[in-house]
Amino acid sequence: QEENRRFQNGTLFPVYHGSAKNNLGIRQLIEVIASKFYSSTPEGQSELCGQVFKIEYSEKRRRFVYVRIYSGTLHLRDVIKISEKEKIKITEMCVPTNGELCSSDTACSGDIVILPNDVLQLNSILGNEMLLPQRTFIENPLPMLQTTIAAKKSEQREILLGALTEISDGDPLLKYYVDTTTHEIILSF
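In the UniProt record's numbering, the protein residues as written are 1 to 189.
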């Protein structure tokens with residue numbers, strides 16, 4: 001029982017082995033997953049907690065955020081707290097199903113949901129931040145390298161800044177700023 005408790009709390013990480021190719025250990029793995037991997041709260045009964053883990057842009061420059069739902073249920077038209085002072089309304093959402101993106105009215109604990117949104121940033125938290133799983137790594141590590149960059153032609157500077165904005169939006173390790181004195185573009189990564 002102690003093993004089960006530690007497993008559910010995320011303090012014990014068992015290692016399983018098998019081979020799908022040779023059909024070894026598959027039945028046993030399915031049995032373990034069915035018996036050990038369960039939520040301690042009934043589905044839909046806990047408070048919402050999710051985190052943005054990826055940002056993508058479509059070919060038409062539409063911005064999509066990928067959110068992992070850790071607990072609770074997200075419904076279409078819900079108004080969700082993303083900070084102490086800020087809330088967003090869910091007007092459209094998709095979930096991956098059988099390799100396709102399908103429109104959905106709900107997303108439950110364990111689901112990944114894709115939201116068209118211009119406000120959410122990488123690592124933004126939807127709902128109750130206290131329900132996030134424990135993190136042992138640094139969310140925003142210090143940059144290892146820093147350099148200046150410039151466009152070959154001065155008329156391309158705005159295009160370069162736009163591209164840097166889009167890239168840094170989806171990559172937490174890449175940051176840039178424009179020096180207020182020299183007007184150089186400083187890139188940190």
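Note that beta-carbon positions come from the ideal geometry of N, C-alpha and C, so glycine has one too.
- Apart from sequence neighbours up to five positions away, the residues of its chain that approach residue 151 with a beta-carbon distance below 8 Å are 157, 159, 160, ordered along the chain.
- Per DSSP, residue 162 lies in no beta strand (DSSP E); the unbroken alpha helix (DSSP H) holding it starts and ends at 157–170.
- Contact annotation: residue 72 and residue 48 have beta-carbon atoms nearer than 9 Å.
- Counting C-beta pairs closer than 8 Å gives three or more between the segment 65–81 and the segment 99–116, which meets the contact rule.
- Three or more Cβ pairs drawn from the segment 119–128 and the segment 73–93 lie within less than 8 Å of each other, which places the two stretches in contact.
- Residue nearest to residue 51 within the set 105, 62, 133, 21 is 133 (criterion: CA-CA distance).
- For residue 35, the enclosing alpha helix (DSSP H) begins and ends at 26–36.
- Contact between residue 97 and residue 74 is absent: CB atoms are separated by about 16 Å, not below the 8 Å threshold.
- Around residue 178, the same chain offers 161, 184, 185, 186 as residues with beta carbons nearer than 8 Å, after the five sequence neighbours per side are excluded.
- Considering only 164, 166, 169, 173, the residue with the shortest C-alpha distance to residue 145 is 173.
- Beta-bridge partners of residue 127 (DSSP): 49.
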